[in-house]
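One gets my numbering by counting positions in the sequence shown from 1 and adding 5 to each.
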Amino acid sequence: MPEYVEMEISNQDVSRIIGNGHSGRKVYGTAIRLVLACAITGSVPLVTAHAQTAVTPVPGFPAPTTHTQQVYSPFDTFTSRWTRADARQIKARSDPNVAVGANSMPTSVTMPDIPADFPQTNPDVWLWDTWTLIDAHANQFSYNGWEVIFALTADPNAGYTFDDRHVHARISYFYRRAGIPASARPRNGGWIYGGHLFPDGASVKVFGSTPLTNNAEWSGSTRLLKTDGNEVAVFYTALGFNRTAEGANIAPPVAIISKTNGRIHADLNHVWFTGFNNHTGLLQPDGTYYQTGQQNEFYSFRDPFTFEDPQNPGQTFMVFEGNTAGERGAKDCTAADLGYQAGDPNAEDLDTVQNSGATYQKANIGLAVSTDSSLTQWRFLPPLISANCVNDQTERPQVYIKDGKYYLFTISHRSTFAAGIDGPDGVYGFVGNGLRSDFEPLNWGSGLALGNPTDLNTAAGSDFDPDPQQNPRAFQAYSHYVMPNGLVESFIDTVEGRRGGALAPTVKIQISDATTQIDLSYGQNGLGGYGNIPANRYDLDWQGFVRDLLQSGRSPNASISLASFVQQQ
Ligand SMILES: OC[C@H]1O[C@@](CO)(OC[C@@]2(O[C@H]3O[C@H](CO)[C@@H](O)[C@H](O)[C@H]3O)O[C@H](CO)[C@@H](O)[C@@H]2O)[C@@H](O)[C@@H]1O
Numbered sequence: 006m007p008e009y010v011e012m013e014i015s016n017q018d019v020s021r022i023i024g025n026g027h028s029g030r031k032v033y034g035t036a037i038r039l040v041l042a043c044a045i046t047g048s049v050p051l052v053t054a055h056a057q058t059a060v061t062p063v064p065g066f067p068a069p070t071t072h073t074q075q076v077y078s079p080f081d082t083f084t085s086r087w088t089r090a091d092a093r094q095i096k097a098r099s100d101p102n103v104a105v106g107a108n109s110m111p112t113s114v115t116m117p118d119i120p121a122d123f124p125q126t127n128p129d130v131w132l133w134d135t136w137t138l139i140d141a142h143a144n145q146f147s148y149n150g151w152e153v154i155f156a157l158t159a160d161p162n163a164g165y166t167f168d169d170r171h172v173h174a175r176i177s178y179f180y181r182r183a184g185i186p187a188s189a190r191p192r193n194g195g196w197i198y199g200g201h202l203f204p205d206g207a208s209v210k211v212f213g214s215t216p217l218t219n220n221a222e223w224s225g226s227t228r229l230l231k232t233d234g235n236e237v238a239v240f241y242t243a244l245g246f247n248r249t250a251e252g253a254n255i256a257p258p259v260a261i262i263s264k265t266n267g268r269i270h271a272d273l274n275h276v277w278f279t280g281f282n283n284h285t286g287l288l289q290p291d292g293t294y295y296q297t298g299q300q301n302e303f304y305s306f307r308d309p310f311t312f313e314d315p316q317n318p319g320q321t322f323m324v325f326e327g328n329t330a331g332e333r334g335a336k337d338c339t340a341a342d343l344g345y346q347a348g349d350p351n352a353e354d355l356d357t358v359q360n361s362g363a364t365y366q367k368a369n370i371g372l373a374v375s376t377d378s379s380l381t382q383w384r385f386l387p388p389l390i391s392a393n394c395v396n397d398q399t400e401r402p403q404v405y406i407k408d409g410k411y412y413l414f415t416i417s418h419r420s421t422f423a424a425g426i427d428g429p430d431g432v433y434g435f436v437g438n439g440l441r442s443d444f445e446p447l448n449w450g451s452g453l454a455l456g457n458p459t460d461l462n463t464a465a466g467s468d469f470d471p472d473p474q475q476n477p478r479a480f481q482a483y484s485h486y487v488m489p490n491g492l493v494e495s496f497i498d499t500v501e502g503r504r505g506g507a508l509a510p511t512v513k514i515q516i517s518d519a520t521t522q523i524d525l526s527y528g529q530n531g532l533g534g535y536g537n538i539p540a541n542r543y544d545l546d547w548q549g550f551v552r553d554l555l556q557s558g559r560s561p562n563a564s565i566s567l568a569s570f571v572q573q574q
């Protein structure tokens, strides 16, 4: 017996039911499907109706997989797939002979060129993965008149290279006055370095007595627990290493998704934090849904992002980066992971794919739910998306809700795609009608939301290490985070051979149904200010503000009036 019944109906019918949501797309037709779900066994789809983008296949490439966007309970076992048929659309749409004239990639999903004379955010620190102070719904808060960001940082003067920064990473914070337009700020965004967020030696406590040579703090999200208070919870990845003096791993790194609580303070001059002395390990991979270091020494388990789901009030969820559990390279990808339509002449043979080495690439976006009000106890749920035989890393996932649609954004590297698939470093996205959905990859069914400028279809672009002469911006930016209003921040990695470790210019994407499109009218030709990371909400903790002022020895009205202070928000 089928799990659900599908009924084809006309465009007009659907317009009447859900409105015309595809007016912006001119290239591809629209097939409409109303999915009536009547659950019988196993995964239980909830009733949903939606318009599904129909993609006309590019000659020589397969059709993408059909994804219904239908919704399941977050506690269901259904895991959506980013398939090979989907991911091959990236290259299909980048072919200069087919899709976009002479351009290397569609300009609608390509980040504009970052100039090589970019400013350093701070000459004394390299920074990369960056995030904001958010509430349970990813609103970005300023605190008592200051915008605050958090970033992984390392010391450029400590004797290691930019590429070896990861094993030395510490979470730091930066702040600047809120409410000043980007045009009135210094070119580098004007962020003031506040220092390391946690006291020295605090985060290593998560590992107890486990012998380590060194530890690091990886990404990362920070929650303002009450929007009229000053308590914050930092969810991050504690990394424990056991390395030789030459930097080789003696044992797989230990990754523990962790939490620590502290408090934010601000006076008229600066922002500071207290607390963060107690660090609690929340999750380590279970080997059932999420791969362990014993199963694969190159496993990924990190980058927690917590949120409340309006469709499931009262629950706090976490998405994170994982890998599909099982032994490294196990040849257990399935026809569903490949995702080809029956009879597609451009489909691949499962055995051929599995023998190509693609089975080493099995990323997923994991889900967990908190089981206590202090967000200290968590339970794994099945992954939201898997990318088996497609890609090995779906990093820094985030849930982004817009116009009732649920977007899952994640960053990925060119080098982590499986054999036979190519795509740029950048941010990838998927849309559904709820937290657990049959997610449809954005833009032609490919998943690519915003990539670095590179040429996937020339000799120079055809390997994982493009020639910097010919592709000087293939790694210009990474670790994109999609903010309210479609603003996207990231960090500069390499432009024309110059290494970054600085905040990239913010860009803006227009998000609509299953498409994103870069807004070239934003900033200068699509590039906004460096590190333009504005708050969209402000927290005025007046009691705390006055207390902080008094403690700092300054009168509340000494140099700032209430009116001018509020005006700065
Ligand atoms: O610093 C760790 C955090 O950074 C994230 C996302 O930016 O992981 C990035 C990742 O990639 C970097 O290292 C690669 C190999 O050294 C390099 O090829 C790539 O260009 C870098 O961005 O860092 C880890 C460790 O090296 C690697 O597995 C990732 O792809 C985030 O997920 C981490 O929390």
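Glycine residues also receive a C-beta, built at the ideal position from the N, C-alpha and C atoms.
Minimum C-alpha distance to Val239 - residue among Leu230, Asp233, Ser226, Lys231: Residue Ser226 is the option with its Cα nearest to Val239.
Within 8 Å, strictly: CB atoms of Thr88 and Asp342: Yes. Within cutoff.
Pick from Thr218, Lys513, Tyr180 that is closest to Asn149, judged by C-alpha positions: Nearest in C-alpha terms to Asn149, of all of Thr218, Lys513, Tyr180, is Tyr180.
Same chain, Cβ closer than 6 Å to Arg307, neighbours up to 5 away in sequence not counted: Around Arg307: Trp223, Thr242, Ala260, Glu326.
C-beta atoms of Gly452 and Ala363 nearer than 8 Å: No. Outside cutoff.
Buried/exposed call for Ile185, threshold 16 Cβ in 10 Å: When all chains shown are included, Ile185 counts as exposed.
Inter-residue Cα distance where the pair is Val76 and Leu440: Rounded to the nearest angstrom, the two C-alpha atoms are 7 Å apart.
C-alpha distance - Asn92 paired with Gly428, whole-angstrom precision: The amino acid occupying residue 92 in the given sequence is Ala; Asn does not appear at that position. Straight-line Cα distance between these residues: approximately 8 Å.
Reduced DSSP category for Pro489 - H, G, I as helix; E, B as strand; rest coil: Three-state DSSP puts Pro489 in a helix.
Coil, strand or helix - Gln481 by DSSP: If DSSP states are grouped into helix, strand and coil, Gln481 belongs with coil.
For Ala347, the three-state DSSP class (helix, strand or coil): If DSSP states are grouped into helix, strand and coil, Ala347 belongs with coil.
Spatially closest choice to Phe496 from Pro477, Leu525, Gly528, Ile538, by CA coordinates: Minimum Cα distance to Phe496 is reached at Ile538.
Reference Lys96; option with closest CA among His275, Arg503, Thr459, Thr311: Out of His275, Arg503, Thr459, Thr311, Thr459 has the C-alpha closest to the C-alpha of Lys96.
Three-state secondary structure (DSSP) of Val500: Val500: strand per DSSP, three-state reduction.
Rounded Cβ spacing between Met323 and Thr311 (contact assumed at less than 8 Å): So it is a contact: roughly 5 Å between Cβ atoms.
Inter-residue Cα distance where the pair is Pro69 and Ala347: Distance from the CA of Pro69 to the CA of Ala347, rounded to the nearest whole angstrom, comes to 12 Å.
Residue-level contact to chain B via CB, Ala163, 8 Å cutoff: Annotation note: the requested chain B is absent from the structure, which comprises a single protein chain.
Ser113 versus Leu455: straight-line alpha-carbon distance, rounded: So the two alpha carbons sit approximately 8 Å from each other.
Buried or exposed by the 16-neighbour rule on C-beta atoms within 10 Å, applied to Ala253: With fewer than 16 Cβ atoms within 10 Å of its Cβ, Ala253 is classed as exposed.
beta-carbon Thr311 near ligand 1 non-hydrogen atom, thresh 7 Å: No - ligand 1 has no heavy atom lying nearer than 7 Å to the Cβ of Thr311.
Any non-hydrogen atom of ligand 1 within 7 Å of Leu132 CB: Checking every heavy atom of ligand 1 against the Cβ of Leu132, none is found closer than 7 Å.
Boundaries of the alpha helix (DSSP H) in which Leu386 is found, first to last residue: Element bounds for Leu386: not the alpha helix (DSSP H) but the beta strand (DSSP E), 383–393.
Cut-off 6 Å between Cβ atoms - residues of its own chain near Glu445, not counting five sequence neighbours on either side: Excluding residues within five positions, the ones whose Cβ falls inside 6 Å are His72, Gln74, Val436, Ala519.
For Leu138, three-class secondary structure by DSSP: In this structure, Leu138 counts as strand in the three-state DSSP scheme.
Any non-hydrogen atom of ligand 1 closer than 7 Å to Thr73 Cβ: It does not: the Cβ of Thr73 is nowhere closer than 7 Å to a heavy atom of ligand 1.
Start-end ranges of the alpha helix (DSSP H) lying completely within the stretch 399–452, minimum 4 residues: Considered as a whole, the stretch 399–452 harbours 447–450 as its complete alpha helix (DSSP H) runs of no fewer than 4 residues, in chain order.
Alpha helix (DSSP H) segments (min. 4 residues) lying fully within the stretch 282–338: Within the stretch 282–338, no complete alpha helix (DSSP H) run reaches 4 residues.
Assigned exposure category for Ala368 - 16 Cβ within 10 Å defines buried: Label assigned to Ala368: buried.
Reduced DSSP secondary structure (H/G/I, E/B, other) of Leu461: DSSP places Leu461 in coil when its eight states are reduced to three.
Environment of Ala509 [buried if 16+ CB atoms lie within 10 Å]: With 16 or more other Cβ atoms within 10 Å, it is buried.
Distance, Arg542 Cα to Ser147 Cα: Taking the straight line from one Cα to the other gives about 6 Å.
Presumed contact (8 Å Cβ cut-off) between Leu288 and Trp196, rounded CB distance: Approximately 31 Å separates the beta-carbon atoms of Leu288 and Trp196; this is outside 8 Å, ruling out the contact.
Contact under 8 Å by Cβ, Phe278 with Thr265: No, these two residues do not count as a Cβ contact at 8 Å.
Residue closest to Trp131, alpha-carbon to alpha-carbon, out of Thr115, Asp118, Ser99, Asp168: Closest by alpha carbon: Asp168.
Neighbourhood of Arg268 by C-beta distance below 8 Å, restricted to the same chain and skipping five residues each side: These residues qualify, in order along the chain: Asn235, Glu236, Val237, Phe278, Thr279, Gly280.
Alpha-carbon spacing of Asn393 relative to Gln366, whole angstroms: The alpha-carbon separation between Asn393 and Gln366 amounts to approximately 6 Å.
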